[in-house]
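Read through the structure below, which is laid out as structure tokens, and then see the notes.
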Amino acid sequence: MIPPFTTSIPARVSLTALVLAGYFALSVVDGIKAQRVERLASRRILIGLYVVAAAATVARSVSLHLDAGAVQFATTAPAVSFPMLFFAFAVMAINLCLSLMGWERLEDQLADAAMLDSLTRTLNRAGFMIQAQRLAEECVARQLRCSVIVMDLDEFKAVNDVFGHEAGDRLLTEFACVARSNLRSGDLLARIGGEEFCAMLPGVDESQAAVIADRLRVAFAAATFSHNDAVLAGTVSIGVSQLGHKAGLRSAIHRADVAMYEAKSRGRDRVIRASAAGSD
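All residue numbers for the sequence shown refer to this note's numbering, where the first residue is -7 and numbers rise by one.
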């Protein structure tokens, strides 16, 4: 061994404390970075425990230097035993938190599976209805307008029949990407069944939502996607409605759905507003 550490217990303890404190400090930094990407309640506790463990190791080293009587091997002096006790509990709690993080991740994955469409990674119908209802209530409380658009891919069955279901899945995922890029960050997007999608746009009226919907329609019609040796393209019919003071979310979705089917009956690849549906 290096001479100073051969004869000096405080020196050996200080070296150990330095290594452990450095490890825990790096763990704190890594935990903070990870928390920004994946927010877990158990990780917040874990970061705090890393700080406690680092402080306990440093406190033990400092106490040995300050208390000459506590240098004896296996001493029970409070200056040494209390920091070690805190350290031992912190290590046990750290292991517990690591296990809890695994459970918390599993719960999040199960929650995502219940709320998200596995193919397009948009909300599914159940997830959309829950989040859209909350958003609708928030818009009412803040006296904001709110609109709904219902979108259905045109001639989607023909894509499946001609190119196969994998091509149909590709078209659905690409449409979801186009929709995301043309909607705002605060808008909700969901695949509510088959080739049908729904979006909720807070803070805009029906006419403004129709402009956004038409921009999305044009972008999708202009896009092409390769699948194996085939080139895929598609169009979408869209219905738009605004939530009323008395008519709720389900009513708005129904009116947008009716407007969407009218868009299909008028030749597809167009946007129809619910307020104008049925007019010539």
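Heads up, the beta-carbon is just placed ideally off N, CA and C, and yes, glycines get one too.
Run of the alpha helix (DSSP H) containing residue i, from where it starts to where it stops
i      : result
Arg172 : His157 to Asn174
Gly119 : Arg117 to Ala133
Glu198 : Glu198 to Ala214
Leu241 : Leu241 to Ser257
Which of helix, strand or coil DSSP assigns to residue i
i      : result
Arg183 : strand
Val228 : strand
Phe65  : The predicted position of Phe65 is uncertain, since its pLDDT is 46 and thus under 50; no value can be drawn from it.
Leu32  : coil
Gly23  : helix
Ser91  : helix
Gly178 : coil
Arg4   : helix
Arg52  : helix
Arg97  : helix
Host beta strand (DSSP E) of residue i (start-end)
i      : result
Ser139 : Cys138 to Leu145
Ser267 : Where Ser267 is concerned, there is no enclosing beta strand (DSSP E), given that its DSSP letter is neither H nor E.
Glu188 : Glu188 to Pro194
Ser218 : Phe217 to His219
Beta-carbon proximity of residue i to residue j, cut-off 9 Å
i      : j      : result
Ser229 : Ala255 : yes
Leu193 : Asp179 : yes
Asp104 : Arg183 : no
Met93  : Leu145 : no
Gly226 : Phe167 : yes
Ala273 : Val83  : Here the chain has residues from -7 to 272 only, and residue 273 is not among them.
Ile245 : Val132 : no
Leu164 : Arg172 : no
Arg247 : Ala266 : yes
Arg137 : Gly186 : no
Val89  : Arg35  : According to the sequence displayed, residue 89 carries Cys and not Val. Contact: yes.
Ala17  : Tyr42  : yes
Thr49  : Ala85  : no
Ala222 : Phe155 : yes
Ala159 : Asn220 : yes
Beta bridge counterpart(s) of residue i as assigned by DSSP
i      : result
Val108 : Note that residue 108 is Leu in the sequence shown here, rather than Val. Answer is Leu115.
Gln234 : Ser139
Ala222 : His219
Cutoff 6 Å; reference residue i; Cβ partners in own chain excluding five residues on either side
i      : result
Gln234 : Ser139, Asp197 and Glu198
Contact with chain D by residue i, beta-carbon distance below 9 Å
i      : result
Leu224 : In the displayed structure, chain D is absent; only one protein chain is listed.
Nonlocal neighbours in the same chain, by C-beta distance under 8 Å from residue i, ignoring five residues either side
i      : result
Val170 : Leu208, Ala211, Phe212 and Ala215
Asn174 : Ile204, Arg207, Leu208 and Ala211
Gly240 : Ala128
Close-in-space but distant-in-sequence residues of the same chain around residue i (CB under 7 Å, 5 per side omitted)
i      : result
Val263 : Ala202, Ala205, Asp206, Arg209, Ile230, Val232 and Ala255
Arg117 : Ala182, Ile184 and Gly185
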